[in-house]
Amino acid sequence: LRPEVFRAVVGMSVPYSPPGPVDLLSALQKMGVSNFYMQYFQTPGVAEAELQADVAATMRRLTFSLSGDGAGGVATILPPGKGFLHNTVDPATMPSWVDTEDLAYTVAEFERTGFRGGLNWYRSIRLSWELLAPWRGAVIHQPSLFIGGDSDDVLKFPNSRASIDKFG
Numbered sequence: 002l003r004p005e006v007f008r009a010v011v012g013m014s015v016p017y018s019p020p021g022p023v024d025l026l027s028a029l030q031k032m033g034v035s036n037f038y039m040q041y042f043q044t045p046g047v048a049e050a051e052l053q054a055d056v057a058a059t060m061r062r063l064t065f066s067l068s069g070d071g072a073g074g075v076a077t078i079l080p081p082g083k084g085f086l087h088n089t090v091d092p093a094t095m096p097s098w099v100d101t102e103d104l105a106y107t108v109a110e111f112e113r114t115g116f117r118g119g120l121n122w123y124r125s126i127r128l129s130w131e132l133l134a135p136w137r138g139a140v141i142h143q144p145s146l147f148i149g150g151d152s153d154d155v156l157k158f159p160n161s162r163a164s165i166d167k168f169g
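Numbering (this note's numbering), first residue to last: 2 to 169.
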């Protein structure tokens, strides 16, 4: 958005897509989709209750299941009546790349602050879309790099491949 301030940019996991003619939540609704994880996050208190019920288990499940070691298919369509953690696995042991002190710190911080702050980002999707109206169709002018893992579920989203293919 500000090439005069940032001489280069890096996108990780989520391919750049400029604001479109309609916000994401409205687009999902028009397509008849009502159980995408971002929609589940919309009602205050629902996802918080699920994620905060056992913060240590939540962080183990998310760290493992959203990694390349997990089976994938976590953060997409939720089965009717199921929560975000439904498709996650609580591993018997964490992979060797997980630092137990880092994980313990993360758990303690989410126990202290809760998940509302992070979930509110999803709850502001429509407002963000409105505020980004001047940049509809904007292209990245500065040097840019995109990094995404082969096992990243986000790259399996319907529009991800088309967004990546637009990179020049």
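No residue lacks a Cβ here, since even glycine has one placed at the ideal position from N, Cα and C. The model shown is predicted, which means the values in this text are computed figures rather than measured ones.
| Check | Outcome |
| --- | --- |
| Taking the beta strand (DSSP E) that Val108 belongs to, which residues open and close that run? | Here Val108 belongs to no beta strand (DSSP E); instead the alpha helix (DSSP H) covers 101 to 114. |
| Relative to the alpha-carbon of Arg3, which residue among Ile126, Leu26, Pro135 has its alpha-carbon at the smallest distance? | Pro135 |
| Please tell me whether Ile165 and Pro16 are closer than 8 Å, where the distance is taken between their beta carbons. | yes |
| Just confirm the distance between the C-beta atoms of Gln43 and Tyr123, as a whole number of angstroms; I'd bet it's less than 8 Å. | 7 Å |
| Could you tell me whether the Cβ of Leu26 comes closer than 8 Å to any Cβ of chain B? | As a matter of chain content, chain B is missing from the structure shown, which is built from one protein chain. |
| Kindly confirm or deny that the stretch 8 to 25 and the stretch 62 to 82 touch, where touching means at least three C-beta pairs closer than 8 Å. | no |
| Helix, strand or coil, according to DSSP, for Leu86 in the structure here? | helix |
| Can you tell me the Cα-Cα spacing of Gly71 and Phe65, whole angstroms? | 6 Å |
| What span of residues does the beta strand (DSSP E) with Val10 cover, start to end? | 10 to 13 |
| With DSSP collapsed to three states, give me the class of Leu146. | strand |
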